[in-house]
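What follows is a set of notes on a single structure, which appears directly below.
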Amino acid sequence: MKSKLKSLLAVIVLMPAIPLSANAQQTFQHTITGEDLKIMDHALPEGRDTPAVKSFIETGKNPYNEVKGCLPRGEENYLSACSGCHGHLAEGKVGPGLNDGYWTYPKNTTDKGLFETIFGGGQGMMGPHGADMTLDDHLKMMAWIRHVNTGEGKD
9 MKSKLKSLLA VIVLMPAIPL SANAQQTFQH TITGEDLKIM DHALPEGRDT PAVKSFIETG
69 KNPYNEVKGC LPRGEENYLS ACSGCHGHLA EGKVGPGLND GYWTYPKNTT DKGLFETIFG
129 GGQGMMGPHG ADMTLDDHLK MMAWIRHVNT GEGKD
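Quick note: the sequence shown uses the working numbering, first residue 9, plus one each step.
And the structure:
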């Protein structure tokens with residue numbers, strides 16, 4: 009009995025040291041329907057293989073957050089893709105503001121959740137933007153949104 013217990017204990021202790029997968033990937037789900045977004049099937053081919061995208065796909069955390077060198081490109085992407093509805097400073101117009109602590113979809117407080125809403129769309133006028141820019145540019149744009157946001161929601 010004691011040897012079985014010791015063996016079981018050894019397995020439990022050693023389990024975290026055994027990698028489950030060399031390339032574990034997050035599952036990204038549509039904000040409203042919960043369907044798998046299959047981002048690699050729908051994303052533009054360019055910009056998929058950057059270190060930042062690879063890290064984000066595995067962790068769901070945006071490595072560009074508060075990286076000053078990424079913010080100008082993120083702002084440029086935001087101004088061309090989002091400002092018509094969300095305002096030039098993310099203050100909100102037809103769409104909700106993105107620069108305060110309120111999120112229409114609470115999951116947007118996480119980088120993964122914000123990405124899912126932008127990539128796959130939400131309700132009403134918030135359509136999918138997955139094919140509008142590269143995955144790398146999505147991450148830079150999200151970093152800019154996090155930069156101007158004054159509330160909660162920084163992973």
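Ideal placement from N, C-alpha and C gives every residue a C-beta, glycine not left out.
Buried versus exposed call for residue i [16 or more other C-beta atoms within 10 Å across all chains shown]
i       : result
Asp-119 : buried
Val-61  : buried
His-94  : buried
Asp-145 : buried
Neighbourhood of residue i by C-beta distance below 7 Å, restricted to the same chain and skipping five residues each side
i       : result
Gly-128 : His-38, Thr-39, Leu-45, Pro-136, Gly-138
N- and C-terminal bounds of the alpha helix (DSSP H) containing residue i
i       : result
Cys-93  : 91-94
Glu-124 : 119-128
Straight-line gap, residue i to residue j (C-alpha atoms, nearest Å)
i       : j       : result
Gly-130 : Gly-100 : 16 Å
His-155 : Glu-43  : 29 Å
Asn-116 : Thr-125 : 7 Å
Ala-51  : Met-134 : 18 Å
Arg-56  : Leu-79  : 19 Å
Phe-64  : Gly-103 : 26 Å
Worksheet item: When the Cβ atoms of the region 107-127 are set against those of the region 34-49, are three or more pairs found closer than 8 Å?
Response: yes
Fill in: Sufficient close CB pairs (3 or more, under 8 Å) joining the region 76-90 to the region 144-155
yes
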